[in-house]
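Asker: Mind having a look at this structure? Questions to follow.
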Amino acid sequence: MVVDSREAAIVRVGELLAASGRTTAGYTGEMLAVLNELGPYFVIAPGIAIAHARPSESVLSAGLSLAVLAKPVEFGSDHNDPVRMVFGLCAKDHDGHIEVLAGLAEVLSDDAQVNFLLNASDAGRIHEYLASVL
Amino acid sequence: MKIVAVCGMGIGTSVLLKMNAEKVLAQLGIEATVTAADMSTARQLGFEANIVLTTPELVPSLQGLPAEIISIDHFFDLAELHRKLSAALL
Chain A
11 MVVDSREAAI VRVGELLAAS GRTTAGYTGE MLAVLNELGP YFVIAPGIAI
61 AHARPSESVL SAGLSLAVLA KPVEFGSDHN DPVRMVFGLC AKDHDGHIEV
111 LAGLAEVLSD DAQVNFLLNA SDAGRIHEYL ASVL
Chain B
464 MKIVAVCGMG IGTSVLLKMN AEKVLAQLGI EATVTAADMS TARQLGFEAN
514 IVLTTPELVP SLQGLPAEII SIDHFFDLAE LHRKLSAALL
């Protein structure tokens, strides 16, 4: 997908969480508020951002969405720009989604799997892959 | 040894950091408890912790804690965690 700003990328992963019934539409604004308040600290590895806000009434169940950006976007991270993969994460509490995060850490620690996600030809293949490992 | 992994919200990035820090501590043979925390919780826990792990952007907000603050650029690079934790602990 092509977006031209970090905000647009976060809006997109927020829309995906809402579309899959994991959050209400308000969660996107909460993620954007985190960016405004704390900066792009959630760009935690080269090219990889994990946007999220704190558990709130906007979260209906824990969820993870992903936008792979055809055109890398500057988030303002000193070490890890430009961003090519933006995850959206929502959780109802501090513990319910730990297994998914553990699986995600394994995937993102492995260059081969990161390259697969970056170069997959369509969203269906990415979804199928992540559903099988998370 | 008490270590706090800190992110803005305490549900995402700090949890990932905690997981990889635990892996590296096990490799180093260091007994430590690692807690994931958001910023405000971290300011409380940080007074009891030996080490605070976080991202470069959040370091300024954590200054003033007695713990040693280590900033991690690449959360999934175990070599970076290994290098920085062993420099602080060994």
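Listed in order, the protein sequences are those of chains A and B.
Per this note's numbering, the very first residue in the first sequence carries number 11; after that it's consecutive.
Per this note's numbering, the very first residue in the second sequence carries number 464; after that it's consecutive.
Where a beta carbon is used, it is the ideal one built from N, C-alpha and C, also for glycine.
Looking at the secondary structure, which residues open and close the alpha helix (DSSP H) in which R16(A) lies?
Answerer: Run containing R16(A): R16 to A29, per the alpha helix (DSSP H) assignment.
Asker: Can you give me the start and stop residues for the alpha helix (DSSP H) that M630(B) sits inside?
Answerer: Only positions 464 to 553 of chain B appear in the structure, and residue 630(B) is not among them; the question remains open.
Asker: Going by C-alpha distance, which of M482(B), H545(B) and G471(B) is nearest R506(B)?
Answerer: G471(B)
Asker: To the nearest angstrom, report how far apart I514(B) and D132(A) are at their CA atoms.
Answerer: 42 Å
Asker: As an exercise, report each continuous alpha helix (DSSP H) stretch of at least 4 residues that is fully enclosed by the segment 90-128 of chain A, in chain order.
Answerer: 108-118
Asker: If we define contact as Cβ-Cβ less than 8 Å, is V478(B) a contact residue for chain A?
Answerer: yes
Asker: I'd like the span of the alpha helix (DSSP H) that includes I136(A), first residue to last.
Answerer: A133 to V143
Asker: Report the residue from I493(B), A489(B) and K481(B) whose alpha carbon sits nearest the alpha carbon of F538(B).
Answerer: K481(B)
Asker: Chain A beta carbons: is any one of them nearer than 8 Å to that of H537(B)?
Answerer: yes
Asker: Thinking just about the alpha-carbon of each residue, which of A542(B), P523(B), E531(B) and I535(B) is nearest to the one in F510(B)?
Answerer: Ranked by Cα distance from F510(B), the first of A542(B), P523(B), E531(B) and I535(B) is E531(B).
Asker: Since A35(A) and A43(A) are thought to touch, with beta carbons under 8 Å apart, how far apart are those beta carbons, to the nearest angstrom?
Answerer: Actually they are not in contact, since the Cβ atoms of A35(A) and A43(A) sit about 14 Å apart, beyond 8 Å.
Asker: Cβ closer than 8 Å: which chain A residues qualify as neighbours of G475(B)?
Answerer: F52, I60, H62, L99, A101 and L111
Asker: In three-state DSSP terms, what is E511(B)?
Answerer: coil
Asker: According to DSSP, simplified to helix, strand and coil, what is H62(A)?
Answerer: Note: H62(A) maps to strand in three-state DSSP.
Asker: Tell me which residues of the segment 495-523 of chain B have at least one Cβ-Cβ distance to chain A shorter than 9 Å, keeping chain order.
Answerer: For the segment 495-523 of chain B, the set of residues with a beta-carbon nearer than 9 Å to any beta-carbon of chain A comprises A499, D501, M502, T517, T518, P519, E520 and L521, in chain order.
Asker: DSSP state of A77(A), grouped into three classes?
Answerer: strand
Asker: Please compile the residues from chain B whose C-beta is within a distance smaller than 7 Å of the C-beta of S68(A).
Answerer: Residues of chain B passing the Cβ test: none, with the nearest at roughly 13 Å.
Asker: Using alpha carbons as the reference points, say which of A101(A), H137(A), M95(A) and L114(A) lies closest to R32(A).
Answerer: Ranking A101(A), H137(A), M95(A) and L114(A) by Cα distance to R32(A) puts A101(A) first.
Asker: Taking P56(A) as the query, report the chain B residues whose CB atoms sit under 7 Å from its CB, ordered along the chain.
Answerer: H537
Asker: With respect to the alpha helix (DSSP H) encompassing E67(A), which residues constitute its N-terminal and C-terminal limits?
Answerer: First-last for E67(A): undefined, no H or E at that position.
Asker: Using 8 Å as the limit for Cβ to Cβ distance, is G471(B) near chain A?
Answerer: Put simply, the CB of G471(B) is near chain A, with a gap under 8 Å to one of its CB atoms.
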